[in-house]
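Trainee:
In mature numbering (1 follows the signal peptide of the UniProt record, and there is no 0), the protein residues as written are -23 to -1, 1 to 311.
1. Is residue 93 closer than 8 Å to residue 49 when the C-beta atoms are compared?
2. Using three-state DSSP, classify residue 109 as helix, strand or coil.
3. Let me make sure I understand the geometry here. Which of 81, 99, 109, 13 has the alpha-carbon closest to that of residue 198?
4. Can you list, in chain order, the stretches of the alpha helix (DSSP H) that have 4 or more residues and sit fully within the stretch 247 to 277?
5. Let me confirm a value: residue 97 is counted as buried when at least 16 other C-beta atoms fall within 10 Å, else exposed. Which label applies?
6. Rounding to the nearest angstrom, what Cα-Cα distance links residue 256 and residue 232 in this structure?
7. Does the beta-carbon of residue 29 have 16 or more other beta-carbons within 10 angstroms, so that it is buried, or is it exposed?
8. DSSP state of residue 77, grouped into three classes?
9. Express the C-alpha separation of residue 58 and residue 67 in angstroms, rounding to a whole number.
10. Is it the case that the Cβ atoms of residue 192 and residue 114 are separated by a distance below 8 Å?
11. Per DSSP, what are the beta-bridge partners of residue 83 in this structure?
12. Do you know whose CA, among 111, 169, 279, 54, lies nearest residue 89's CA?
13. Let's see if you can read the secondary structure: which residues bound the alpha helix (DSSP H) around residue 158?
14. Between the Cα of residue 182 and the Cα atoms of 100, 203, 117, 125, which residue gives the shortest distance?
15. Note down the Cα distance separating residue 264 from residue 280, rounded to an integer number of angstroms.
16. Rounded to the nearest angstrom, what separates residue 218 and residue 56 at their Cα positions?
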């Protein structure tokens, strides 16, 4: 019951800003990140639930095939404009910048440069394999942001309208068409000792939400509907019982992606969040249909360099296979 009340408060705030004061006073109940995606899901599609919607239009230009991840600098002036980055340009909160494929990786002045470099590597890795997904993420103004250890989830301007208890509920969120930024904390990105989730790559999890909701939804016709059907089938079969994978279709994909790239946490018996399926081989055996759907998005056989065991120099030197997909160039605006 508390979860329902909390969710209604959040939805109400997003639709009517005068609800915000009441929402701030509520502690969030049992709301999780899955509820965040549930409350925006209905507005991500047309009334018939078939055609995905880009509420703010498209960013001009095309994604590149290059990156400058190692070069952290100030935010380019043109990206402050709403005509370049939807919906309102990049906020002045963001003072540091790098990019992969022309997609911004940003933070406040308080984040170490190495955290932006690592976040940029993860973005570069995830979008390497599928050209149409990459272009969709770009044209929908997708970006990633890094939180300093002193900042909370709602410090991110695109998420600043959320109630303050989200700072306890989540250490970052994934991108949606209404708030097209995936965020995560510097401590997880850099594998710091004070990380809440040191045993798993939370930034990859949040970035994969953006790859899903800004990329695959638009780039591959019917892919998202297939994922949602598979989620319901898996739940009815008892797969992933008592784990976070069953919280929503979005978490089903993001948790599966963590396992696909061997950066999920492990417990021998499901504990309500984690479980024993934490790497690619186990995923392929346990849920081959989810494995296949994830592979559609990440079709190259690139090896993901783990954050706790890799230097920024090694990441920069890694040569990634690109554009392994064989799909027709559809995507948004086509």
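Don't be surprised by glycine CBs; every beta carbon is placed ideally from N, CA and C.
Mentor: According to the data block:
1. In the chain shown, the residue the question calls residue 49 occupies position 72. In the chain shown, the residue the question calls residue 93 occupies position 116. Contact flag set, yes.
2. Position 132 of the chain shown, counted from the start, is the residue given in the question as residue 109. Three-state DSSP puts residue 109 in a helix.
3. For the purposes of this step, residue 198 is taken as the residue at position 221 of the chain shown. Closest option to residue 198, Cα to Cα, is 109.
4. 257 to 263, 265 to 274
5. Locating residue 97 in the chain shown gives position 120, where the first residue counts as 1. By the 10 Å Cβ count, residue 97 comes out buried.
6. The count along the chain shown starts at 1 and reaches residue 256 at position 279. The count along the chain shown starts at 1 and reaches residue 232 at position 255. Going by the C-alpha atoms only, they are around 10 Å apart.
7. Taking the chain shown and counting its residues from 1, the one referred to as residue 29 is at position 52. Sixteen is the threshold: when 16 or more other Cβ atoms of the shown chains lie within 10 Å of the Cβ of residue 29, as they do, the residue is buried.
8. Taking the first residue of the chain shown as position 1, residue 77 is located at position 100. The answer is strand: DSSP assigns residue 77 an E or B state.
9. For the purposes of this step, residue 67 is taken as residue 90 along the chain shown, with counting starting at 1. For the purposes of this step, residue 58 is taken as residue 81 along the chain shown, with counting starting at 1. Residue 67 and residue 58: Cα-Cα distance of roughly 7 Å.
10. For the purposes of this step, residue 192 is taken as residue 215 along the chain shown, with counting starting at 1. For the purposes of this step, residue 114 is taken as residue 137 along the chain shown, with counting starting at 1. Cβ atoms of residue 192 and residue 114: closer than 8 Å.
11. Within the chain shown, numbered from 1, the residue matching residue 83 stands at position 106. DSSP lists 74, 122 as partners of residue 83.
12. On the chain shown, residue 89 is found 112 positions in, with the first residue counted as 1. Among 111, 169, 279, 54, the Cα nearest to that of residue 89 is on 169.
13. The residue labelled residue 158 in the question sits at position 181 within the chain shown. Per DSSP, residue 158 belongs to no alpha helix (DSSP H); it is in the beta strand (DSSP E), 158 to 162.
14. If you number the chain shown from 1, residue 182 lands on position 205. Of 100, 203, 117, 125, the residue nearest in Cα terms is 100.
15. Stepping through the chain shown from its first residue, residue 264 is reached at position 287. Stepping through the chain shown from its first residue, residue 280 is reached at position 303. Between residue 264 and residue 280, the C-alpha separation is close to 21 Å.
16. As a first step, residue 218 must be located in the chain shown, where it is residue number 241. As a first step, residue 56 must be located in the chain shown, where it is residue number 79. When rounded, the distance between both Cα atoms is 43 Å.
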